[in-house]
Each structure stands twice: as structure tokens, then as C-alpha cells.
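Engineer: Going down the list, the protein sequences come from chains A and B.
Be aware that the first sequence starts at 415, since it is given in the numbering used here, and climbs by one per residue.
Be aware that the second sequence starts at 6, since it is given in the numbering used here, and climbs by one per residue.
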Amino acid sequence: MMLLQILTIPKDDPVAFTFFTGYMAMMAASVFFFFERSRVEGKWQLSLLVSGLITFIAAVHYYYMRDYYLGTGENPTSLRYIDWTLTVPLMCIEFYLLTKAAGAKKSLLLKLIIASVWMLVFGYIGEAFNPEGGSATHSAIYGILSTLGYLYILYAAWMGEVAQLAKDSNTPGIQQTVRILAWFVLVGWAIYPIGYMCMPGGWLNTAFGWDSSNVDLFYNIADVINKIGFGLVVYNLAITDSMRLKAKAA
Amino acid sequence: MKKVPFYFIACVLILLQLEQLNSQVLTSIQNAICIFLILTLGISHGAVDHLLYNAQEKVRLSKFVIFYLIAAFVNTMIWFVSLDLALLLFLCISAYHFGQSQFIEYSFRRNLYSNILYFSWGAWIIVGLVLFNQTEIEIAINQQFITMAILNHIMYYGLHYFIFFGLITVCLFTLKFARLQLSFHGLLLEIVQLALIFIAFSLFSTLLGFTLYFIILHSFRVLNQEFHYLWKTLNLKNLFQFIRLLMPFTMLALFGLVVILLTWMYFDLNISLPLLALILISNITLPHSYVMDGFYHSRFRNLSKIE
Numbered sequence: 415m416m417l418l419q420i421l422t423i424p425k426d427d428p429v430a431f432t433f434f435t436g437y438m439a440m441m442a443a444s445v446f447f448f449f450e451r452s453r454v455e456g457k458w459q460l461s462l463l464v465s466g467l468i469t470f471i472a473a474v475h476y477y478y479m480r481d482y483y484l485g486t487g488e489n490p491t492s493l494r495y496i497d498w499t500l501t502v503p504l505m506c507i508e509f510y511l512l513t514k515a516a517g518a519k520k521s522l523l524l525k526l527i528i529a530s531v532w533m534l535v536f537g538y539i540g541e542a543f544n545p546e547g548g549s550a551t552h553s554a555i556y557g558i559l560s561t562l563g564y565l566y567i568l569y570a571a572w573m574g575e576v577a578q579l580a581k582d583s584n585t586p587g588i589q590q591t592v593r594i595l596a597w598f599v600l601v602g603w604a605i606y607p608i609g610y611m612c613m614p615g616g617w618l619n620t621a622f623g624w625d626s627s628n629v630d631l632f633y634n635i636a637d638v639i640n641k642i643g644f645g646l647v648v649y650n651l652a653i654t655d656s657m658r659l660k661a662k663a664a
Numbered sequence: 006m007k008k009v010p011f012y013f014i015a016c017v018l019i020l021l022q023l024e025q026l027n028s029q030v031l032t033s034i035q036n037a038i039c040i041f042l043i044l045t046l047g048i049s050h051g052a053v054d055h056l057l058y059n060a061q062e063k064v065r066l067s068k069f070v071i072f073y074l075i076a077a078f079v080n081t082m083i084w085f086v087s088l089d090l091a092l093l094l095f096l097c098i099s100a101y102h103f104g105q106s107q108f109i110e111y112s113f114r115r116n117l118y119s120n121i122l123y124f125s126w127g128a129w130i131i132v133g134l135v136l137f138n139q140t141e142i143e144i145a146i147n148q149q150f151i152t153m154a155i156l157n158h159i160m161y162y163g164l165h166y167f168i169f170f171g172l173i174t175v176c177l178f179t180l181k182f183a184r185l186q187l188s189f190h191g192l193l194l195e196i197v198q199l200a201l202i203f204i205a206f207s208l209f210s211t212l213l214g215f216t217l218y219f220i221i222l223h224s225f226r227v228l229n230q231e232f233h234y235l236w237k238t239l240n241l242k243n244l245f246q247f248i249r250l251l252m253p254f255t256m257l258a259l260f261g262l263v264v265i266l267l268t269w270m271y272f273d274l275n276i277s278l279p280l281l282a283l284i285l286i287s288n289i290t291l292p293h294s295y296v297m298d299g300f301y302h303s304r305f306r307n308l309s310k311i312e
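(1) For B/GLN25 and A/GLY557, which I take to be in contact (beta-carbon distance under 8 Å), what is that distance rounded to the nearest angstrom?
(2) Label A/HIS475 either buried or exposed according to how many other C-beta atoms from any shown protein chain fall within 10 Å of its C-beta, with 16 as the threshold for buried.
(3) Who are the near neighbours of B/SER309 in its chain, counting only those whose CB is closer than 7 Å to its CB and skipping five residues on each side?
(4) Would B/ALA15 count as contacting chain A if we go by Cβ distances under 8 Å?
(5) For a cutoff of 8 Å on Cβ pairs, would you count A/TYR569 as touching chain B?
(6) I want to verify the contact list: residues of chain B whose CB lies under 9 Å from the CB of A/LEU553, in sequence order.
(7) Going by the beta-carbon positions, is the gap between A/VAL440 and A/PHE644 smaller than 8 Å?
(8) Just verifying my parser: in three-state terms, what is the DSSP assignment at B/LYS68?
(9) Express the C-alpha separation of B/MET6 and A/MET415 in angstroms, rounding to a whole number.
(10) Could I get the ranges of all uninterrupted beta strand (DSSP E) runs contained in the region 430–511 of chain A, with 3 residues as the minimum, in chain order?
(11) Straight-line CA distance for A/ILE379 to A/ASN584?
(12) So is B/GLY299 in contact with chain A if we call contact Cβ pairs under 8 Å?
(13) Starting from A/SER656, follow the alpha helix (DSSP H) in both directions and report where the run begins and ends.
(14) Run through chain B and tell me which residues come within less than 9 Å of A/MET573, C-beta to C-beta.
(15) Does DSSP classify B/ALA200 as helix, strand or coil?
(16) Grab me the residues of B/GLU141's own chain with a C-beta within less than 6 Å of its C-beta, minus the 5 sequence neighbours each way, in chain order.
(17) Measuring alpha carbon to alpha carbon, tell me which of A/VAL445, A/LEU559, A/ILE468 and A/THR486 ends up nearest A/ASP497.
(18) Rounding to the nearest angstrom, what Cα-Cα distance links A/VAL606 and A/PHE622 in this structure?
(19) Mapping the DSSP letters down to three states, classify B/GLU62 as helix, strand or coil.
(20) Just checking, does the region 551–570 of chain A make contact with the region 530–540 of chain A on the three C-beta pairs under 8 Å criterion?
(21) Which residues bound the alpha helix (DSSP H) around B/ILE34?
(22) Who are the neighbours of A/VAL601 on chain B, taking C-beta pairs under 8 Å?
(23) With C-beta atoms as the reference, is B/LEU122 less than 8 Å away from B/LEU250?
(24) Going by other Cβ atoms of all chains shown within 10 Å of its Cβ, with 16 needed for buried, is B/VAL30 buried or exposed?
(25) If you measure from the beta carbon of A/THR561 to each beta carbon in chain B, is any gap under 8 Å?
(26) Skipping 5 residues on each side, what residues in its chain have a beta carbon closer than 8 Å to that of B/LEU259?
(27) Could you tell me the boundaries of the alpha helix (DSSP H) in which A/SER560 lies?
(28) Closest to A/LYS457 by C-alpha separation, out of A/PHE449, A/ILE642, A/ILE653 and A/LYS662, would be which residue?
(29) For B/ILE173, go through chain A and note every residue whose CB falls closer than 7 Å to its CB, in chain order.
(30) Would A/LEU631 be called buried (16 or more neighbouring beta carbons within 10 Å of its own) or exposed?
(31) In chain A, which residues lie with their C-beta within 7 Å of the C-beta of B/ILE19?
(32) Would you decide whether A/ALA661 is buried or exposed? Buried here means 16 or more other CB atoms lie within 10 Å of its CB.
(33) Would you check whether the ligand NAP has a heavy atom nearer than 7 Å to the C-beta of B/HIS302?
(34) Quick check on the burial criterion: 16 or more other C-beta atoms within 10 angstroms. Buried or exposed for B/GLN148?
(35) Taking any Cβ of chain A, which residues in the region 110–138 of chain B have a Cβ under 7 Å from it, in chain order?
(36) For B/CYS97, report the span of its alpha helix (DSSP H) as first-last.
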């Protein structure tokens, strides 16, 4: 009986629809990345494993978030942040793996992971522990702290260490891939701070007259694009490079 | 991405979070910081015009100062003759100058299309500022009892002008990119920048939105261009030497501003403060735009790409 209730998706509820679609898309992407992993050269297999893990972890979380949302009608904030705390550092690992051949050090990996965890922990405190009715001061302070973490990753990807390493790699494929991933960080990840300002009581809702349920819609669409897109960009580089190497060897 | 757009993105994101506070105290502090930045960085980006003018034609400093003063005097006269004509002139020249400084690093060939692109980009920005802050500007105008038909016209037909200049800019810009085979990545960055400018205009107050654009995307960019030019021509060794070059005319401009304000207060001149500010800003802007146009034309293309 409980299961039947949970599985009912209202036709006029885009949030529930995107939870279900997001779950299926992430799962399908995971299967794709895990299977394709064997087709690429050894040096790219770890990158594809990480891509598959990102979408698989997200798929599992989306499975639970969908049920949680359909059962309670509330935002599954905690589950979402648990998902991000695992998957966003993994996305940062992709930057490290891509630039490793050009000399990326473990310190870069550590800095990116710290920045991503910083961004998410403060975002979580800002969103989940906001006093009843919504405190603007609380939202603003944790919002700014979280944004600083995001800006560090943005800086690293566009102008900092990651960008420099990609340039030094002298490999057009890596340069192009890092550039596309940097675009994901700039445009795709920007949805998250916007979503943060659209939570119940958020000022963007007031400014644009939006409903706070939009937060989940924004997050779901952004998650699917960012996570699967990130993986596909890495896959494209891996498969192109592998095919090139195979052709060279033949 | 270069540093200037990154600073702009960072500032917009931080300020968006701060805006949640919606506090009067914060707004007052923000306004004070905006005015301070306009008076310091904004004014100083035109403080080495005499050195830039030398790039096209060698003139004595005294002669250059006289040229500047005459231009300011003529401009002031236009304001007294017709507010609308003066405002239109000011807006058109500012629009061209904004667009030119934005695109000059792409080294477009100087022709009619480039000039139209510069003008339409700048006009798009100015119309956007007015359109997205219509209520605030209307209240300010009503409080000061200023009647300017041009401003009312822009506000009334704001959306039409916004779409018109937007279409021209996008078409010419895309054509330029396709013709010069510039990277798609550069085109996208320009679009993101524009989107953020309009988001800032729409979500922040008029002063804050304008300051963010004017200081970071315009003044910083121009100061950067000036620094690189003078670094090569005058063999500057560090940033401090450049700041020393900026100081005399920045201080002189600020001193002049204080004298004019004191005169305005003491003699109780029959002119509102916003209008006085507009006249003073236009007096600096017009000769500055002329000098920068010559500077860009004669020298900029010879310099290496600016980082």
C-alpha cells in the first residue's frame, strides 16, 4: 500500500517528474560509463570509473529523494547535500586526473576537495539549519561562505592551477576538455547558488515572484546536466584519445 | 577567461548573497563604497589621458589641459542651452566609448561596422540600466524636478530600444566572430558577461549595478590597457609607478569637484545636485572618450595581447 502511494507521480508535478527522470538518466549513464570503461586505454579507465561513480551515487540518492518527495511533499535537503558531498569532490578529482599527466600534484587535488567540501558544508548549514520562517542573516552569511568555495574552484578551473596545467600539457584534447568542464563549473554550477537564494523565504522568490518548490526543479535539471554532461565530456576525450592510439599502433 | 570578467562574476555572486539581508544600513554602506569607487578608480582611469594623447600626437601638457578645459566649457554651454541635446550627446559618446573599450582587445578593423557595434553595445548597456531601474530613476527625477524629454523617451520606449540595440549587437558581434574565425568560447564568454551585467542591473540598485559595470568591467579594463601601454613606453617598473602617474590629475579632478560643490552650496545655485553631477561627469567623459578613441586607433593594435 505504501509502495503504491509512493509510486504515484502526479501529472502536474514537474518536480516529481524530474526526480524520476533524473534517477533513470543517472542510472543509465552509470551503466554506460561502467561498460565503456573497458573500451578505453588504461590511462583513461580511472576517469571513466569516477564518472560512473558520480552518476551511480547520484542515481541511488535520486531513488531515495524521489520517494521522500512523493511521500512527504518536502524538499529532500539532507539527502541532496549528502549526494553532493560525495559527487562534487569526485568531479574535482576529474580535473586532477585530466591534468595529472601535465604534472598535477596531490596538493591540487586536496585544495579542490577542500574547496568543494567547504562550499557544500556551508551551503548545507545555510539551507538546512535556517531558523523557522527564514533568517536572512543566516542565509547571507552561509551563502557568502559557500560562494567563496565555489569561486576558488571557478578560479582554479579558468585561470588557476588547473587551467595552467591544461595549457602546459600541450595536448589540445585535454585543453579543450578542461575548458568545457570549466564552462560546466561557470554556468552549470551557478544554478546551485541561484537555487540557494530560492529556498523558502529566499529573496529571489520575492524578487521574481517564484514559488519555493522551484528549488528542487532547478536542482534536478542542473544535476542531470552537470553530472552526466561532466562524464560525457571526459568520455569523449577518453574514447577519442584511445581510438587515436589504437590507429597509431595498427 | 581574463581576470576582469572573473572579478565581475565574483562580485556579482557575493553581492547577490549579501542582497538577501535587505538592510538599510547595508544599502547606505554599499552606496558610500560605490561613490568612493567612482570618485577614485572611475576618475583615475582618465587621469593619464595626456600621456595617451602623446601616442597619437606630441603636445605640451599646457596645451592639452587647455584643450580639456575648452571641451568641458563647450559641453557645459550645451547643457545650459539644451538639457536634452547635452544628455543625448553624453549618452551617445558614452555608449560608443563603453563599446569600444569592451571590444578593442579583439583588434577589429576600424570601419563602419565596428563603430556601429561599439555604439550599439554601449547603447544596449545604457538602455538596460534605465529599463531595469525605471521606477528608481523615475522617483529620482520627480524628486529633483528635472524634465528631460530624452530620458522620458528612453524610459517609455525602453523595451523597444533594448530589443533594437540587442539585435544589432548580437548580429554584428556574431558576424565579426564568424568572419575573423574567433573562438566560440570567446563569444560565449561575452554572452555570459552581458547576461550578468543585465542581472546586476535588474537585481541591484541603479547605483550598485552601474558601479559594478563601470568600475570592474570598464575602468579596470581601461586602467589595465593604460598600464600595459605605459609600462612599455615609459618603462614602468611596478604598479606603484603607474599609481604615481595617475595621482596628479585624479587629485586635481577631485579638488575641482570639491570646489564646484562648495560653490554650489555657498551660492545656492539654482541647479539640482544630480544634474550638476551629470554635467561634471559629462565634462570629464567627452574629452576622455575622444582621447581614448585616438589612443586605440593609433597604438592599441601594435601592442601584444593584454592579459
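In this text, a Cβ means the ideal position worked out from N, Cα and C, and glycines have one as well.
Quantities reported herein were computed from a predicted structural model and do not represent experimental measurements.
Structural biologist: Here's the rundown:
(1) In the second sequence, the residue the question calls residue 25 of chain B occupies position 20. In the first sequence, the residue the question calls residue 557 of chain A occupies position 143. About 7 Å; that satisfies the 8 Å criterion.
(2) By 1-based counting over the first sequence, the position of residue 475 of chain A is 61. Counting every other CB atom within 10 Å of its CB across the protein chains shown gives A/HIS475 a total of 16 or more, marking it as buried.
(3) Counted from its first residue, the second sequence places residue 309 of chain B at position 304. Confidence in B/SER309 is poor, its pLDDT being 43 and thus under 50, which makes the residue's placement unreliable; the coordinate value appears in the next sentence. Around B/SER309: no qualifying Cβ.
(4) Counted from its first residue, the second sequence places residue 15 of chain B at position 10. Yes, its Cβ sits closer than 8 Å to a Cβ of chain A.
(5) Against the first sequence, residue 569 of chain A aligns to sequence position 155. So, interface residue.
(6) Within the first sequence, the letter at position 139 stands for residue 553 of chain A. In the sequence on display, residue 553 of chain A carries Ser and not Leu. The answer, in chain order, is GLN22, GLN25 and LEU26.
(7) If you number the first sequence from 1, residue 440 of chain A lands on position 26. If you number the first sequence from 1, residue 644 of chain A lands on position 230. Looking at the sequence shown, residue 440 of chain A is not Val but Met. Cβ distance not < 8 Å, so A/MET440 and A/PHE644 don't count as in contact.
(8) Residue numbering aside, residue 68 of chain B sits at position 63 when the second sequence is read from its first letter. Note: B/LYS68 maps to helix in three-state DSSP.
(9) Locating residue 415 of chain A in the first sequence gives position 1, where the first residue counts as 1. Locating residue 6 of chain B in the second sequence gives position 1, where the first residue counts as 1. Low per-residue confidence applies at A/MET415: pLDDT is 47, beneath 50, and the placement is therefore not dependable, though the value from the model is reported in the following sentence. Spanning the two alpha carbons is a distance of roughly 55 Å.
(10) Unbroken beta strand (DSSP E) runs of no fewer than 3 residues, entirely contained in the region 430–511 of chain A, are not found.
(11) Outside the shown range of chain A (415 to 664) lies residue 379 of chain A, about which nothing can therefore be said.
(12) As a working note, residue 299 of chain B is residue 294 in the second sequence. Interface flag for B/GLY299 against chain A is unset, since no Cβ pair is found closer than 8 Å.
(13) Within the first sequence, residue 656 of chain A is the residue found at index 242, counting from 1. It spans 628–663 - the alpha helix (DSSP H) in which A/SER656 sits, taken as one unbroken run.
(14) The residue you call residue 573 of chain A lines up with position 159 of the first sequence. Contact note: A/MET573 reaches chain B through MET6, LYS7, LYS8 and PHE11, using a C-beta cutoff of 9 Å and chain order.
(15) Residue numbering aside, residue 200 of chain B sits at position 195 when the second sequence is read from its first letter. B/ALA200 falls in the helix class under three-state DSSP.
(16) Within the second sequence, numbered from 1, the residue matching residue 141 of chain B stands at position 136. Hits under 6 Å: THR211.
(17) For the purposes of this step, residue 497 of chain A is taken as the residue at position 83 of the first sequence. Per the C-alpha coordinates, the member of A/VAL445, A/LEU559, A/ILE468 and A/THR486 positioned closest to A/ASP497 is A/ILE468.
(18) Here residue 606 of chain A refers to the residue found at position 192 when the first sequence is read from its first residue. Here residue 622 of chain A refers to the residue found at position 208 when the first sequence is read from its first residue. Correcting the residue type first, residue 606 of chain A is Tyr in the shown sequence and not Val. Each residue's alpha carbon lies about 17 Å from the other.
(19) Looking up residue 62 of chain B in the second sequence gives position 57. Three-state result, B/GLU62: coil.
(20) Below 8 Å, enough C-beta pairs join the region 551–570 of chain A and the region 530–540 of chain A to call them touching: three or more.
(21) What you label residue 34 of chain B is simply residue 29 of the second sequence in a count that begins at 1. Run containing B/ILE34: 29–42, per the alpha helix (DSSP H) assignment.
(22) Position 187 of the first sequence, counting from 1, holds the residue named residue 601 of chain A. Result: VAL197.
(23) Position 117 of the second sequence, counted from the start, is the residue given in the question as residue 122 of chain B. Position 245 of the second sequence, counted from the start, is the residue given in the question as residue 250 of chain B. Not in contact: B/LEU122 and B/LEU250 (Cβ atoms no closer than 8 Å).
(24) Indexing the second sequence from 1 puts residue 30 of chain B at position 25. Under this definition B/VAL30 is an exposed residue.
(25) Start at 1 with the first residue of the first sequence, and residue 561 of chain A comes out as number 147. Yes, contact with chain B.
(26) Numbered from 1 along the second sequence, position 254 holds the residue referred to as residue 259 of chain B. So the list reads LEU44 and ILE48, once near-sequence residues are dropped.
(27) As a first step, residue 560 of chain A is located in the first sequence; it is residue number 146 there, counting from the start. Its alpha helix (DSSP H) spans residues 550–572.
(28) Along the first sequence, one-based indexing puts residue 457 of chain A at 43. Looking at the Cα atoms, A/ILE653 is the closest of the given residues.
(29) Residue mapping note: residue 173 of chain B aligns to position 168 of the second sequence, counting from 1. Residues of chain A passing the Cβ test: none, with the nearest at roughly 25 Å.
(30) On the first sequence, residue 631 of chain A is found 217 positions in, with the first residue counted as 1. A/LEU631 is buried by the Cβ-count criterion.
(31) Sequence index remark: in the second sequence, residue 19 of chain B carries index 14 (1-based). Going along chain A in sequence order, the residues near B/ILE19 (Cβ under 7 Å) are ILE558 and THR561.
(32) Position 247 of the first sequence, counted from the start, is the residue given in the question as residue 661 of chain A. So A/ALA661 counts as exposed.
(33) Among the ligands in the structure shown, none appear at all, so the ligand NAP cannot be discussed.
(34) Working through the second sequence from its first residue, we reach residue 148 of chain B at position 143. Flag for B/GLN148 reads exposed.
(35) Listed by position, the residues of the region 110–138 of chain B near chain A (Cβ gap below 7 Å) amount to none.
(36) Position 92 of the second sequence, counting from 1, holds the residue named residue 97 of chain B. It spans 88–108 - the alpha helix (DSSP H) in which B/CYS97 sits, taken as one unbroken run.
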